[in-house]
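Comments concern the structure below.
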Amino acid sequence: SSAASDVYKRQGSNAHPAQVLGVARSFDLAGDSQTALAAYARALELGLEDRLQPVAQVPLSLAQKRAELWPGALELWEAMRNRDGRGSIWALVELAKYQEHRVGGFAAARDYAVEALMRVDGFDGDLPEPLGRPALEHRLRRLERRLLASNPSPVVTG
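Shown next as structure tokens:
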């Protein structure tokens with residue numbers, strides 16, 4: 061990992077974003093999460109190409125989620141949401157979870173889950189179980205129940 065550290069330190073502003081991403085992954089695999097997170101952030105700052113951005117955005121957003129640094133996590137998830145692919149579905153699920161469990165925004169959480177389901181229908185590839193249609197439908201049913209429980213219909217008496 062010291063070779064990766066040397067490359068990371070030497071490159072500075074001349075670093076190629078994909079190389080910095082590779083260095084970040086090396087630090088991550090070696091268990092040096094702080095240096096890895098700094099390198100992931102640097103790769104994004106340097107203009108990492110779109111298709112590689114989720115490789116940096118996911119671990120950065122998860123670290124911010126663990127530290128309850130919600131503005132940073134939300135910003136990353138919103139950026140991921142606005143792309144195609146598996147990363148956008150994952151980001152929508154994270155946004156739904158945030159709304160449901162952190163803010164009690166059941167309607168917003170439902171909207172994110174619906175959007176994720178629409179993305180799944182248009183996705184041509186394999187998805188891990190938590191991003192698949194059955195898991196998203198389960199989430200949507202739970203959110204619908206929670207919405208009904210939080211907004212009961214007024215009782216009409218005659």
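Quick note on the numbering used here: the sequence shown kicks off at 61 and runs consecutively. Positions of the beta carbon are idealized from the N, C-alpha and C atoms, including for glycine.
Pick helix, strand or coil for HIS161, following the three-state DSSP scheme. In the structure shown, the three-state DSSP call for HIS161 is helix.
On the DSSP letters alone, give me the boundaries of the alpha helix (DSSP H) that GLY132 sits inside. Note, GLY132: alpha helix (DSSP H), 130-141.
Cβ pair LEU196, ALA173 closer than 8 Å: When the beta-carbon positions are compared, LEU196 and ALA173 come within less than 8 Å of each other.
Determine the burial state of SER121: buried for a count of at least 16 other Cβ atoms within 10 Å of its Cβ, exposed for fewer. SER121 counts as buried, since no fewer than 16 other beta carbons sit within 10 angstroms of its beta carbon.
Would you kindly check if the distance between the Cβ of LEU187 and the Cβ of ARG143 is under 8 Å? Result no, Cβ atoms of ARG143 and LEU187 do not sit closer than 8 Å.
Alpha carbon to alpha carbon, how far is VAL115 from MET178? VAL115 and MET178 have their C-alpha atoms some 23 Å from each other.
When you compare only the Cα positions, how much space is there between ALA99 and LEU152? Straight-line measurement puts the Cα of LEU152 at about 25 Å from the Cα of ALA99.
Grab me the residues of SER148's own chain with a C-beta within less than 7 Å of its C-beta, minus the 5 sequence neighbours each way, in chain order. Within the same chain, MET140, ARG141 and ARG179 come within 7 Å of SER148 by CB-CB distance, once the 5 residues on both sides are set aside.
For ALA156 and ALA176, which I take to be in contact (beta-carbon distance under 8 Å), what is that distance rounded to the nearest angstrom? Confirmed, about 7 Å.
For SER93, is the classification buried or exposed, using 16 other Cβ atoms within 10 angstroms of its Cβ as the cut-off for buried? Residue environment for SER93: exposed (fewer than 16 other C-beta atoms within 10 angstroms of its C-beta).
What is the rounded straight-line gap between the Cα of PHE166 and the Cα of HIS198? Each residue's Cα considered, the two are about 14 Å apart.
I'd like the list of long-range same chain contacts for LEU203, defined as Cβ closer than 7 Å, with 5 residues on each side in sequence excluded. Taking LEU203 as the centre and dropping the five residues before and after it, the same chain places the C-beta of GLU160, PHE166, ALA169, ARG170 and ALA173 closer than 7 Å to its C-beta, in chain order.
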